[in-house]
Amino acid sequence: MRSALPIVHRNAGDALRGEKIAVKAEKIRMGSVQAGSSRHQIQTLTLEDKVFCIIEIPLVASRK
Amino acid sequence: MPQIEIDAAGLAQVRRQMRSIEEIAQDLPELTFSETLPIPTYVIEVKSHFFNWASGASQLLTYSPYETVVRIMQENAELRLENRELAAISAKLEKRVGILESKLPEEENVIVLREISRDEAKAEIAKLFSQGETLYYSDIAMKLRLDLELVVDICNELMSEGEISIADSA
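Residue numbers (the numbering used here), protein chains in the order written: chain L, 95 to 158; chain A, 14 to 183.
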């Protein structure tokens, strides 16, 4: 069972890994495109200033 | 005077063309001033082309008629060559633009976030979930034009209240 309250990582060096991550930031800088097939290219980018990231989860209304 | 190089075959072709142009030119005034004879459309068109050509060539009239025609043909050949080169450059540029376009991020969505109270936002999020859709935080933020952090916070609150839950597909 997942916790309803998210754990917030604030320390430099903490990492996030997920299938889908929603982000917001004041600055988004596109980085490099790493080699791979066109379907599986990995892109990098940097978020700066007032960054907030959350690993997405699909949510639905509870059945009552 | 610039040197013009032309081989025997080219010269013969120029002479043939000059002859036909001169013949047409000689015939045209007669046809033009005839009031009784209907002038065929193609003759009028040929006359128009001839005078356009003569007008363009007039600045070169310091040359002999043959040289004038040779110069025009030479210029025409140079323009055709230049046209081919420009077409090749254009094709290369189109290809490069296509590559650059494919690397651009998909259509940029600029949304202006609404500033509403937390209670209003919570009510709107709950209403959105009541429609039965499975939603991610980012979907809600986009649909309701709300701050992502606020959406996450309210969703967590709704989860703790048992109003929403994680979809089975997760």
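By construction, the Cβ of each residue, glycine as well, lies at the ideal position given by its N, Cα and C atoms.
Nearest to residue i (by Cα), restricted to the options the options
i, options, result
"A/V82", "A/G23, A/E137, A/Y150, A/G175", "A/G23"
"L/T138", "L/V145, L/P152, L/R123", "L/R123"
"A/E137", "A/E91, A/M86, A/S115, A/V164", "A/V164"
"A/L117", "L/G125, L/T140, L/F146", "L/G125"
"L/T140", "L/K121, L/R104, L/E113", "L/K121"
Cβ-Cβ distance between residue i and residue j below 9 angstroms
i, j, result
"A/A139", "A/L159", "no"
"A/I102", "L/V154", "no"
"L/E142", "L/I115", "no"
"L/I136", "L/V117", "no"
"A/L161", "A/Y150", "yes"
"L/K144", "L/A109", "no"
"A/R127", "A/I167", "no"
Cross-chain neighbours of residue i in chain L, by beta carbon under 9 angstroms
i, result
"A/I179", "R96, I151, P152, L153, V154"
"A/G145", "V154, A155"
"A/V165", "P100, A116, F146, I148"
"A/L113", "Ordered by position in chain L, no residue passes the 9 angstroms Cβ test against A/L113, which lies about 13 angstroms from the chain."
"A/E162", "K118, F146, I148"
Buried or exposed (CB count within 10 angstroms, at least 16 for buried), residue i
i, result
"L/I101", "exposed"
"A/V123", "exposed"
"L/V127", "exposed"
"A/L113", "exposed"
"A/L171", "buried"
"A/L148", "buried"
"A/R93", "exposed"
"A/P42", "At A/P42 the pLDDT is 49, less than 50, meaning the model places this residue with poor confidence and gives no usable figure here."
Residue i Cβ short of 8 angstroms to the ligand SAM heavy atom set
i, result
"A/Q26", "Looking at this structure, you won't find the ligand SAM or any other ligand, since it has none at all."
Nearest-angstrom Cβ-Cβ length linking residue i and residue j, presumed shorter than 8 angstroms
i, j, result
"L/S156", "A/G175", "6 angstroms"
"L/P152", "A/A180", "4 angstroms"
Interface residues of chain L facing residue i [CB-CB closer than 7 angstroms]
i, result
"A/L159", "Within 7 angstroms Cβ-Cβ: nothing; A/L159 doesn't reach chain L, min ~11 angstroms."
"A/S190", "Nothing about residue 190 of chain A can be reported from this structure: the residues present for chain A run from 14 to 183 only."
Contacts that residue i makes with chain L (C-beta to C-beta distance below 8 angstroms)
i, result
"A/L148", "P152, L153, V154"
"A/S130", "Ordered by position in chain L, no residue passes the 8 angstroms Cβ test against A/S130, which lies about 20 angstroms from the chain."
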